[in-house]
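Colleague:
Residue numbers (our numbering): 4 to 265.
Structural data, given as structure tokens:
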């Protein structure tokens with residue numbers, strides 16, 4: 004895991020974000036802290052050009068419009084042609100028929116390296132009943148089964164974020180236990196994780212190791228930040244969390260107050 008993080012910070016990969024309006028600033032600052040370079044570009048007129056110079060593409064449908072959907076497909080196809088990673092974050096896919104149809108079209112035309120979301124979102128894609136509320140997953144069930152089905156049906160790595168995160172590839176099923184409940188109180192926490200995963204996929208390691216590195220490191224950063232002096236809730240959590248994304252693995256494992264900013 005440490006080697007993957009080190010490679011990213013040496014290479015400073017450029018990640019093309021087609022993401023939602025709510026999280027752009029938070030995502031950009033978090034990814035910069037982590038060690039990669041964000042570019043936010045959703046106009047169809049430049050989607051191919053930006054994807055042609057990027058090292059990875061993130062597709063996040065959080066505030067989707069019809070025009071943006073076209074850009075997502077152009078960028079995703081370009082990434083597939085160039086054999087660079089594509090991460091699909093189907094935010095709130097079950098909330099409306101528009102979102103459901105949009106994700107179906109993306110999956111029909113683009114092959115994602117990773118599909119990442121909460122249990123409700125991935126259950127919907129897999130055709131497994133699950134209770135959701137807007138963009139939130141409020142149901143319960145077998146998340147491993149969901150991850151396995153998504154991985155098999157779409158020939159991809161599936162990442163389900165939950166109290167215990169699940170990462171599933173064709174050959175492996177991995178559980179991650181790092182993280183903190185406060186992340187559920189921060190708008191865009193899952194979206195930023197999608198960005199971090201995309202950055203990790205740009206190394207020459209296998210997808211399971213890359214996804215685990217991203218999810219585990221992100222969880223450790225949250226654990227570190229929430230224990231910092233002066234953190235009293237989600238508002239005061241965000242600044243030390245952004246800082247902690249720049250630390251190395253060893254510093255995060257050392258506990259709050261022991262990290263150093265790169």
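Backbone N, C-alpha and C fix where the C-beta goes; we use that ideal spot for every residue, glycine too.
Under 6 Å Cβ to Cβ from residue 151, same chain only, skipping five residues before and after it: list those, please.
Modeller: 171
Colleague: Give the DSSP-derived three-state secondary structure of residue 34 in the structure shown.
Modeller: helix
Colleague: When the distance is taken between beta carbons, is residue 188 closer than 7 Å to residue 247?
Modeller: no
Colleague: Return yes when the Cβ of residue 194 is within less than 7 Å of the Cβ of residue 15, no when it is not.
Modeller: no
Colleague: Only counting the same chain, and skipping five residues up and downstream in sequence, which positions put a Cβ closer than 7 Å to that of residue 74?
Modeller: 21, 45, 46, 47, 50
Colleague: Measuring CB atoms only, is the region 90-98 touching the region 121-130, in the sense that at least three cross pairs come out at less than 8 Å?
Modeller: yes
Colleague: Using only the alpha-carbon positions, how far apart do residue 28 and residue 89 sit?
Modeller: 21 Å
Colleague: Pull up the distance between the alpha-carbon of residue 250 and that of residue 181, whole angstroms please.
Modeller: 16 Å
Colleague: Taking all protein chains shown into account, do 16 or more other C-beta atoms lie within 10 angstroms of the C-beta of residue 219, making it buried, or fewer, making it exposed?
Modeller: buried
Colleague: For residue 71, is the classification buried or exposed, using 16 other Cβ atoms within 10 angstroms of its Cβ as the cut-off for buried?
Modeller: Residue 71 counts as buried, since at least 16 other C-beta atoms from the protein chains shown sit within 10 angstroms of its C-beta.
Colleague: Quick one: is residue 130 buried, meaning 16 or more other Cβ sit within 10 Å of its Cβ, or exposed?
Modeller: exposed
Colleague: So the alpha helix (DSSP H) residue 47 belongs to, where does it begin and stop?
Modeller: Where residue 47 is concerned, the enclosing alpha helix (DSSP H) starts and stops at 47-56.
Colleague: Report the option in 199, 211, 66, 157 whose CA atom is closest to the CA atom of residue 169.
Modeller: 211
Colleague: According to DSSP, simplified to helix, strand and coil, what is residue 120?
Modeller: Correct three-state label for residue 120: strand.
Colleague: Taking DSSP as the reference, what is the three-state secondary structure of residue 211?
Modeller: helix
Colleague: Considering only the alpha carbon of each residue, which of 68, 59, 9, 5 lies closest to residue 24?
Modeller: 68
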